[in-house]
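Colleague:
Protein chains in written order, with this note's numbering: chain A, 54 to 900; chain B, 63 to 356.
1. Going by beta-carbon coordinates alone, are residue 255 of chain B and residue 189 of chain B separated by less than 8 Å?
2. Taking all protein chains shown into account, do 16 or more other C-beta atoms lie within 10 angstroms of the C-beta of residue 605 of chain A, making it buried, or fewer, making it exposed?
3. For residue 872 of chain A, which of helix, strand or coil comes out of DSSP?
4. Measuring straight from C-alpha to C-alpha, what distance separates residue 459 of chain A and residue 674 of chain A?
5. Under 9 Å Cβ-Cβ, which residues of chain A neighbour residue 241 of chain B?
6. Does residue 189 of chain A get closer than 8 Å to chain B when you measure Cβ to Cβ?
7. Considering only the beta carbon of each residue, do residue 293 of chain B and residue 303 of chain B sit closer than 8 Å?
8. Cβ of residue 370 of chain A less than 8 Å from any chain B Cβ?
9. Does any CB atom of chain B fall closer than 8 Å to the CB of residue 196 of chain A?
10. Exposed or buried, what is residue 558 of chain A when buried is set at 16 or more other beta-carbons lying within 10 Å of its beta-carbon?
11. My guess is that residue 409 of chain A and residue 79 of chain A are in contact by the Cβ rule of under 8 Å, so how many angstroms apart are they, rounded?
12. Mind checking residue 129 of chain A: buried by the 16 CB within 10 Å criterion, or exposed?
13. Assign residue 190 of chain B to one of three DSSP states: helix, strand, or coil.
14. Taking a Cβ distance cut-off of 9 Å, strictly less, list which residues of the region 331 to 347 of chain B are near chain A, in chain order.
15. Can you give the Cα-Cα distance for residue 552 of chain A and residue 308 of chain A, rounded to whole angstroms?
16. Name the residues in the region 310 to 323 of chain A whose C-beta lies less than 8 Å from a C-beta of chain B; which are they?
17. Which residue comes first and which comes last in the alpha helix (DSSP H) that contains residue 298 of chain A?
18. Using a cut-off of 8 Å between C-beta atoms, extract the partners of residue 225 of chain B located in chain A.
19. Between the region 484 to 515 of chain A and chain B, which residues of the former have a C-beta closer than 8 Å to a C-beta of the latter?
20. Could you give the uninterrupted runs of the beta strand (DSSP E) lying entirely in the region 254 to 331 of chain B, keeping only those of 3 residues or more?
21. Report the residues of the region 344 to 372 of chain A with a CB closer than 8 Å to any CB of chain C, ordered along the chain.
22. Nearest-angstrom Cα distance between residue 296 of chain B and residue 205 of chain B?
23. Can you name, in chain order, every residue of its own chain whose Cβ lies under 6 Å from the Cβ of residue 76 of chain B, other than the five neighbours on each side?
24. Determine whether the beta carbon atoms of residue 779 of chain A and residue 769 of chain A lie at a separation below 8 Å.
25. Quick check: the Cα distance between residue 791 of chain A and residue 611 of chain A, rounded to an integer number of angstroms?
26. Hey, how far is the Cα of residue 65 of chain B from the Cα of residue 319 of chain B?
27. Taking its Cβ as the centre, do 16 or more other Cβ atoms sit within 10 Å of residue 785 of chain A, making it buried, or is it exposed?
28. List, in chain order, every chain A residue whose beta-carbon is nearer than 8 Å to that of residue 270 of chain B.
29. Suppose only complete runs of 4+ residues qualify. What are the alpha helix (DSSP H) ranges in the region 673 to 733 of chain A, listed by chain order?
30. Since residue 378 of chain A and residue 208 of chain A should fall inside the 8 Å C-beta cutoff, what is the C-beta to C-beta distance between them, to a whole number of angstroms?
31. So with CB distances below 9 Å, who are the chain A contacts of residue 218 of chain B?
32. Of all Cβ atoms in chain B, is any one closer than 8 Å to the Cβ of residue 416 of chain A?
33. When the Cα atoms are used, what is the spatial distance from residue 568 of chain A to residue 576 of chain A?
34. Pull the bridge partners of residue 485 of chain A from the DSSP assignment, please.
35. Could you check where the alpha helix (DSSP H) with residue 770 of chain A kicks off and where it finishes?
36. Whose C-beta lies closer than 8 Å to the C-beta of residue 177 of chain A among residues of the same chain, with five residues either side of it excluded?
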């Protein structure tokens with residue numbers, strides 16, 4: 054096709070747009086714009102290239118800040134791929150949409166009827182509409198699901214389907230997603246970003262909203278309960294943070310107000326499903342699972358015990374819980390079924406399919422096999438669960454092998470006619486280029502109605518025509534604009550709360566796994582911040598290399614501070630032990646290892662990574678602002694690591710300390726004062742208390758002469774950010790007794806050891822307890838009481854006394870005692886609230 | 063003949079198990095020649111709940127939950143069963159195995175639709191050319207179906223050595239076919255795979271066998287084991303059981319527990335435990351005692 058010349062456009066972005074032969078979504082073959090596109094393209098042209106580039110960068114930034122592209126588990130940078138949002142949407146006209154919507158509703162009805170039939174009466178097998186082997190030999194046909202009760206909300210409350218538009222301009226179905234119909238969260242995320250960047254075109258074009266879909270989904274979930282409940286408890290079951298789509302799971306849970314759980318958070322007792330929370334078991338009515346069938350119940354559906362919930366199927370059987378989608382749905386993802394859809398549609402509804410399916414043959418049918426062998430060169434062949442092969446691209450030997458396999462195990466293969474999806478303009482760095490587009494649509498249903506999302510997720514393939522696996526959230530995506538003839542009242546993209554039941558697990562009822570992770574977010578954030586504070590002070594002091602400035606006691610003070618850095622981070626040898634003197638005089642290498650080596654287990658890299666990991670695991674509990682601050686931490690840290698020498702790092706270290714302060718501020722201001730916040734804060738307090746006492750143990754137990762001690766105290770006050778308080782309160786020279794008063798004993802100084810312990814004690818009193826026993830008689834309460842008592846009974850006079858050995862023995866004893874008690878406290882807390890056992894599958898009796 | 067069967071499984075865990083969910087296929091089926099007279103559980107610790115249901119093959123399955131912490135779990139099922147020999151087979155007028163195959167693969171009535179499941183691959187038994195080659199000598203062209211099946215059973219009995227503890231549930235069938243060693247489950251799976259590879263129907267039967275002591279010696283209690291064999295579908299006649307481990311057609315010394323496509327459909331006991339530490343030790347005692355003769 055010739056480049057399109059359209060002189061009516063002022064700044065013609067599409068001047069060089071030249072789609073290959075086939076159907077283009079934006080342009081007629083003669084170069085005229087298709088209906089619906091004019092106003093958008095005009096708007097884009099008015100914005101002009103430069104402004105669009107700014108918006109593009111902004112979109113990228115928003116995606117990154119929201120954490121969509123951040124993949125913690127991909128350590129190899131080459132394999133980290135990003136999810137991109139193209140500013141040009143895919144536009145679907147009202148007329149096209151009405152057809153699609155009707156066709157998708159029809160398809161849903163057929164799938165629902167088929168699933169019920171396959172696990173029930175098996176009419177389509179008896180009538181010869183489906184060959185029995187197509188079902189019986191498929192691993193997705195789960196015998197344990199035969200005879201399950203029909204749930205009140207239907208079998209398939211949600212569903213995703215992939216579509217393409219072919220050369221002729223008609224839509225065709227590529228396949229269905231029913232076990233874990235993902236992508237709607239990404240569609241919503243894309244829309245929220247588009248709404249920020251291109252609000253006017255969205256308004257002016259009467260683009261339909263996505264919200265009615267989510268609102269209906271939320272209602273359908275509530276209606277799925279096996280019996281009427283005023284306030285059903287709905288959880289979203291995810292495989293966990295290692296899943297590539299975990300971001301979406303967390304995002305959806307957050308948006309829909311569902312509790313995000315992993316298998317280990319749930320337990321089946323007496324045939325009922327419960328969520329294990331800090332204050333006991335809470336019954337669950339609906340499980341929205343984003344797990345494949347064979348992972349849902351290790352007792353009945355598969356052997357893998359690490360994701361699902363043992364006994365879940367029994368709970369469904371006993372009508373105690375609804376699992377959405379219904380277990381057994383995997384069989385509908387059998388691609389071979391595509392070839393029989395028209396007959397199934399006629400059988401169940403006495404209608405022809407409104408949206409055709411991509412032509413598909415199941416080779417297990419002898420007639421189809423014969424045809425496939427005859428036309429091998431013109432078809433794509435797919436073996437069950439393996440990549441597509443183009444018959445025409447097979448070399449002689451491969452072709453022979455393929456034919457042998459087809460003949461030996463025909464039931465494992467399907468064949469399809471190759472398709473060329475329609476093209477659509479895509480903004481790339483090299484200008485606007487055509488890309489092939491695949492449309493994922495979403496629907497939610499109850500027994501009466503099907504609500505199709507007026508939009509979807511468009512994925513663009515540049516250069517390649519073959520769709521990558523969706524489990525890989527990578528590549529270019531587009532928002533999908535479904536146009537309406539009438540203006541749309543724009544509302545904020547939030548679910549209307551009055552249509553939701555009260556989110557029930559918001560405060561008290563958090564799972565012990567969530568509590569544990571929040572505790573560790575607190576600990577690692579504090580740990581990183583403390584290490585950075587100490588580092589900053591060291592970097593600002595004269596360097597040991599320039600020792601000629603200082604000597605004697607001052608040098609000794611500096612040495613103690615460097616030693617403290619090693620001791621508080623437990624990164625020995627560092628500046629401790631054999632050879633420490635030489636390393637102290639030339640500290641650069643050791644400092645760099647501590648700051649950026651991934652192999653340094655107590656170093657900054659490890660702490661930042663552990664923080665990101667723990668935060669990722671409770672993604673749905675963190676506000677977007679918190680998440681953005683965490684992303685800033687990661688970015689600043691990366692910048693810190695890219696500096697050549699520690700002398701250049703002060704700016705980034707200070708920036709990071711400020712960012713951590715922002716994080717603490719956000720937690721203080723924006724987290725509900727529920728158990729989640731308590732565990733987060735407990736983590737921070739425990740870590741800070743341990744830091745203070747380790748720091749003092751490393752520096753103040755040996756007594757120095759006054760010059761050295763002044764330097765030391767000044768540095769320590771800076772590390773603990775208490776210098777101003779000290780000077781305001783004491784207006785004296787630095788002296789050890791007031792220092793101990795302020796840093797150890799003063800409960801009104803937010804950085805003192807005493808104040809950490811007092812806050813910990815308050816938290817402990819507010820934690821759930823099994824019986825009516827007072828908090829100080831729980832194991833963790835007892836320990837914290839003892840620590841506080843020991844500290845309150847201490848006197849600065851005695852603490853500062855120096856013994857014959859030149860050490861402050863009383864101080865050493867106090868710190869040692871606390872140093873034993875605090876880790877013990879942390880352990881008791883874990884015993885009481887974080888216990889997790891792993892599960893295993895047993896077989897027995899026969900061997 | 064009437065029997066009392068006691069089947070005890072005892073797990074010993076290195077660390078406490080906090081909760082366990084279990085499924086048991088331990089209740090003998092009622093069949094045309096077998097009637098269950100009485101059955102009773104003895105589970106320690108006492109389960110919080112036991113539910114009975116039927117699986118897709120109409121076996122009786124029990125689901126139970128143990129909710130108190132435990133270091134040992136013992137599951138005993140005692141049943142009394144009356145067994146009569148099945149009617150003799152019309153061995154004289156047997157159709158050829160090819161005819162049987164055609165019958166199985168064409169008609170769509172309920173019995174044959176159902177039989178389709180037993181023609182296809184199942185989790186532990188995949189049809190392979192090697193299994194088809196192994197089966198071939200027993201099924202020359204136009205051999206009567208039943209003569210072929212009997213011959214196959216005899217060959218498995220002769221070719222394979224009974225050898226406990228060298229195979230596990232997860233040992234692939236190809237490996238067992240190569241090594242020619244295993245236990246009764248393995249021989250049943252070999253026969254099932256061989257028949258299915260030729261397009262014939264076969265299912266797995268889990269059960270017990272009365273073992274008689276050598277003449278003059280006393281019966282040893284608990285010396286028995288659970289047993290397994292296979293059955294094949296003879297259209298118009300029904301399913302016929304064959305025991306390749308002993309090269310016999312079961313009469314009244316075989317007690318049927320449950321059947322399915324292979325072992326995975328009907329393990330006597332299966333569970334998921336939380337905690338428990340290392341792989342637990344499992345001790346199994348099976349005792350099959352004739353009633354009315356002590």
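Backbone N, C-alpha and C fix where the C-beta goes; we use that ideal spot for every residue, glycine too.
Modeller: Well, looking at it:
1. Locating residue 255 of chain B in the second chain gives position 193, where the first residue counts as 1. Locating residue 189 of chain B in the second chain gives position 127, where the first residue counts as 1. Yes, these two residues count as a Cβ contact at 8 Å.
2. Your numbering for residue 605 of chain A matches position 552 in the first chain. That one is exposed.
3. If you number the first chain from 1, residue 872 of chain A lands on position 819. Correct three-state label for residue 872 of chain A: helix.
4. On the first chain, position 406 is the one that residue 459 of chain A refers to. On the first chain, position 621 is the one that residue 674 of chain A refers to. So the alpha carbons of these two residues sit roughly 50 Å apart.
5. As a working mapping, residue 241 of chain B is identified with position 179 in the second chain. By Cβ distance, chain A contributes nothing, its closest Cβ being about 16 Å from residue 241 of chain B, past 9 Å.
6. Reading the first chain from its first residue, position 136 is the one you call residue 189 of chain A. Contacts with chain B at 8 Å (Cβ-Cβ) include residue 189 of chain A.
7. Sequence index remark: in the second chain, residue 293 of chain B carries index 231 (1-based). Sequence index remark: in the second chain, residue 303 of chain B carries index 241 (1-based). For the 8 Å CB-CB criterion, residue 293 of chain B and residue 303 of chain B form a contact.
8. Counted from its first residue, the first chain places residue 370 of chain A at position 317. Chain B, which has a Cβ nearer than 8 Å to the Cβ of residue 370 of chain A, makes this yes.
9. For the purposes of this step, residue 196 of chain A is taken as the residue at position 143 of the first chain. Yes, its Cβ sits closer than 8 Å to a Cβ of chain B.
10. Position 505 of the first chain, counting from 1, holds the residue named residue 558 of chain A. For residue 558 of chain A, the predicted structure reports a pLDDT of 33, less than 50, and the residue's modelled location is therefore unreliable. A value from the coordinates is still provided. By the neighbour-count rule (16 or more Cβ atoms within 10 Å), residue 558 of chain A is buried.
11. Here the question's residue 409 of chain A lines up with position 356 in the first chain. Here the question's residue 79 of chain A lines up with position 26 in the first chain. About 23 Å separates the two Cβ atoms, so there is no contact after all.
12. As a position in the first chain, residue 129 of chain A is number 76, starting the count at 1. Note that residue 129 of chain A scores a pLDDT of 38, beneath 50, so its modelled location is shaky; the value from the coordinates is reported in the next line. So residue 129 of chain A ends up on the exposed side.
13. Taking the second chain and counting its residues from 1, the one referred to as residue 190 of chain B is at position 128. Residue 190 of chain B: coil per DSSP, three-state reduction.
14. Listed in sequence order: 331, 332, 333, 334, 335, 336, 337, 338, 341, 342, 344, 346.
15. One-based indexing of the first chain puts residue 552 of chain A at position 499. One-based indexing of the first chain puts residue 308 of chain A at position 255. At residue 552 of chain A the pLDDT is 35, less than 50, meaning the model places this residue with poor confidence; the figure from the coordinates comes in the next sentence. The alpha-carbon atoms of residue 552 of chain A and residue 308 of chain A are separated by roughly 13 Å.
16. 320, 321, 322, 323
17. Taking the first residue of the first chain as 1, we reach residue 298 of chain A at position 245. Run containing residue 298 of chain A: none; DSSP gives neither H nor E here.
18. For the purposes of this step, residue 225 of chain B is identified with residue 163 of the second chain, where counting begins at 1. The contacting residues do not exist; residue 225 of chain B stays about 12 Å from chain A at best.
19. For the region 484 to 515 of chain A, the set of residues with a beta-carbon nearer than 8 Å to any beta-carbon of chain B is empty.
20. 264 to 271, 288 to 296, 300 to 304, 316 to 322
21. Of the chains in the structure shown, none is chain C; the protein chains are A and B.
22. Sequence index remark: in the second chain, residue 296 of chain B carries index 234 (1-based). Sequence index remark: in the second chain, residue 205 of chain B carries index 143 (1-based). About 14 Å.
23. On the second chain, residue 76 of chain B is found 14 positions in, with the first residue counted as 1. Correct list, in chain order: 339, 340.
24. Numbered from its first residue, the first chain carries residue 779 of chain A at position 726. Numbered from its first residue, the first chain carries residue 769 of chain A at position 716. For residue 779 of chain A and residue 769 of chain A, no; Cβs fall outside 8 Å.
25. By 1-based counting over the first chain, the position of residue 791 of chain A is 738. By 1-based counting over the first chain, the position of residue 611 of chain A is 558. Approximately 22 Å between the Cα atoms of the pair.
26. Within the second chain, the letter at position 3 stands for residue 65 of chain B. Within the second chain, the letter at position 257 stands for residue 319 of chain B. Rounded to the nearest angstrom, the two C-alpha atoms are 13 Å apart.
27. One-based indexing of the first chain puts residue 785 of chain A at position 732. Looking at its Cβ environment, which holds fewer than 16 other Cβ atoms inside 10 Å, residue 785 of chain A is exposed.
28. Counted from its first residue, the second chain places residue 270 of chain B at position 208. The contacting residues do not exist; residue 270 of chain B stays about 11 Å from chain A at best.
29. 677 to 695, 703 to 723
30. Along the first chain, read from residue 1 onward, the residue named residue 378 of chain A stands at position 325. Along the first chain, read from residue 1 onward, the residue named residue 208 of chain A stands at position 155. With 8 Å as the limit, residue 378 of chain A and residue 208 of chain A qualify as a contact, their Cβ atoms being about 7 Å apart.
31. In the second chain, counting from the first residue as 1, residue 218 of chain B sits at position 156. By Cβ distance, chain A contributes nothing, its closest Cβ being about 19 Å from residue 218 of chain B, past 9 Å.
32. As a first step, residue 416 of chain A is located in the first chain; it is residue number 363 there, counting from the start. It does not; no Cβ of chain B falls within 8 Å.
33. Counted from its first residue, the first chain places residue 568 of chain A at position 515. Counted from its first residue, the first chain places residue 576 of chain A at position 523. Taking the straight line joining both Cα atoms gives about 12 Å.
34. Taking the first chain and counting its residues from 1, the one referred to as residue 485 of chain A is at position 432. For residue 485 of chain A, which the question treats as bridged, DSSP gives the partners A:480.
35. Taking the first residue of the first chain as 1, we reach residue 770 of chain A at position 717. Start and end: 759 to 772.
36. Along the first chain, read from residue 1 onward, the residue named residue 177 of chain A stands at position 124. Counting only Cβ-Cβ distances below 8 Å, and skipping sequence neighbours, we find 167, 170, 171, 183, 397, 400.
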